[in-house]
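The opening position of the sequence shown corresponds to residue 88 in this note's numbering, with each subsequent residue numbered one higher.
Notes follow once the structure below has been shown.
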Amino acid sequence: MEQRFIDHGNRTISDACTGLMWQESYAYVETGNNISWYDAQDYISKLNREKLGGYDDWRLPDRLEIQSLYEIAKPFQSRGKTFILHIDPIFEFGYGSCFWTSKTRLSAALGFEFDTGDIHWYPKGSHKGTVRAVRNDWQPRLMIDLSWAKETAGF
């Protein structure tokens, strides 16, 4: 099986299944706290000013993009402990399981929980989440295994 995630060694990781490039770290590691959705916007702007990985088009992921990182079969292991945060260990993870998305409704924003796989609406001003920035366009067709499609063609 082809390696899904590629660590570029410049604090970015590409996903061969979706075509997305992700920030290796995330805001909680750098700030030590959960942040509001508004602060997440400022954090993304900072990454773009600093040109993380040589790029200045980082953004908040949408719901499906962040959910594409959720892997039910992979509890996260770090420093000899197992955490129930379902994400590939190639990504830096320490604390904070709720990640902000770009999806908003009035004064609320959607957050995705890596410990339970749930999505919830939170007030944009609440300090309930963190952010892992993403860039590139979502290409879900990359997730389709064409050999599987051929095998099931007669059913």
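The beta carbon of each residue, even a glycine, is placed where N, CA and C say it ideally should be.
Please read these numbers as outputs of a predicted model, since none were measured by experiment.
Closest to tyrosine 125 by C-alpha separation, out of Trp225, Asn223 and His214, would be which residue? Numbered from 1 along the sequence shown, position 38 holds the residue referred to as residue 125. With distances taken between Cα atoms, tyrosine 125 lies closest to His214.
Please look up how many angstroms separate the CB atoms of threonine 188 and leucine 197, rounded, as I've assumed it's under 8 angstroms. Position 101 of the sequence shown, counting from 1, holds the residue named residue 188. Position 110 of the sequence shown, counting from 1, holds the residue named residue 197. Yes, they are in contact, since the Cβ atoms of threonine 188 and leucine 197 sit about 5 angstroms apart, within 8 angstroms.
Could you pull out every residue in the same chain whose Cβ sits closer than 8 angstroms to the Cβ of glutamine 90, ignoring the five residues on either side in sequence? Residue 90 sits at position 3 when you count from the first residue of the sequence shown. These residues qualify, in order along the chain: Ala103.
Would you mind giving the Cβ-Cβ distance between leucine 139 and tryptophan 145, rounded to the nearest angstrom? I have them listed as a contact below 8 angstroms. Counting from 1 along the sequence shown, the entry for residue 139 is found at position 52. Counting from 1 along the sequence shown, the entry for residue 145 is found at position 58. That belief holds up - the Cβ atoms of leucine 139 and tryptophan 145 are roughly 6 angstroms apart, short of 8 angstroms.
Fully enclosed by the region 185–209, which beta strand (DSSP E) runs are 3 residues long or longer? 185–192 and 195–200
In or out: histidine 173 buried (at least 16 other Cβ within 10 Å) or exposed? Locating residue 173 in the sequence shown gives position 86, where the first residue counts as 1. Under this definition histidine 173 is a buried residue.
DSSP three-state assignment for aspartate 102, whether helix, strand or coil: Your numbering for residue 102 matches position 15 in the sequence shown. Strand at aspartate 102.
Straight-line CA distance for asparagine 135 to alanine 160? If you number the sequence shown from 1, residue 135 lands on position 48. If you number the sequence shown from 1, residue 160 lands on position 73. Asparagine 135 and alanine 160: Cα-Cα distance of roughly 33 angstroms.
Would the beta-carbon of alanine 114 fall within 8 angstroms of that of threonine 191? Looking up residue 114 in the sequence shown gives position 27. Looking up residue 191 in the sequence shown gives position 104. Against a cut-off of 8 angstroms, the Cβ pair of threonine 191 and alanine 114 comes out as no contact.
Phenylalanine 201 and tyrosine 130: beta carbons closer than 8 angstroms? Locating residue 201 in the sequence shown gives position 114, counting from the first residue. Locating residue 130 in the sequence shown gives position 43, counting from the first residue. Contact flag unset, no.
Among His95, Ser184, Arg219 and Ala220, which has the Cα closest to the Cα of histidine 207? Taking the first residue of the sequence shown as position 1, residue 207 is located at position 120. Closest by alpha carbon: Ser184.
Using only the alpha-carbon positions, how far apart do glutamine 110 and tyrosine 209 sit? For this step, residue 110 is matched to residue 23 along the sequence shown. For this step, residue 209 is matched to residue 122 along the sequence shown. Using only the alpha carbons, I get a separation of about 23 angstroms.
Going straight from the alpha carbon of aspartate 143 to that of alanine 127, what length do you get? The sequence position of residue 143 within the sequence shown is 56, counting from 1. The sequence position of residue 127 within the sequence shown is 40, counting from 1. Taking the straight line from one Cα to the other gives about 16 angstroms.
Which residues bound the beta strand (DSSP E) around aspartate 94? Translated into the one-based positions of the sequence shown, residue 94 becomes position 7. 92–94 is the extent of the beta strand (DSSP E) around aspartate 94.
DSSP-derived helix/strand/coil call for arginine 146: For the purposes of this step, residue 146 is taken as residue 59 along the sequence shown, with counting starting at 1. In this structure, arginine 146 counts as strand in the three-state DSSP scheme.
Can you tell me the Cβ-Cβ gap for valine 221 and glutamate 179, rounded? I've got them flagged as a contact below 8 angstroms. Locating residue 221 in the sequence shown gives position 134, counting from the first residue. Locating residue 179 in the sequence shown gives position 92, counting from the first residue. So it is not a contact: roughly 15 angstroms between Cβ atoms.
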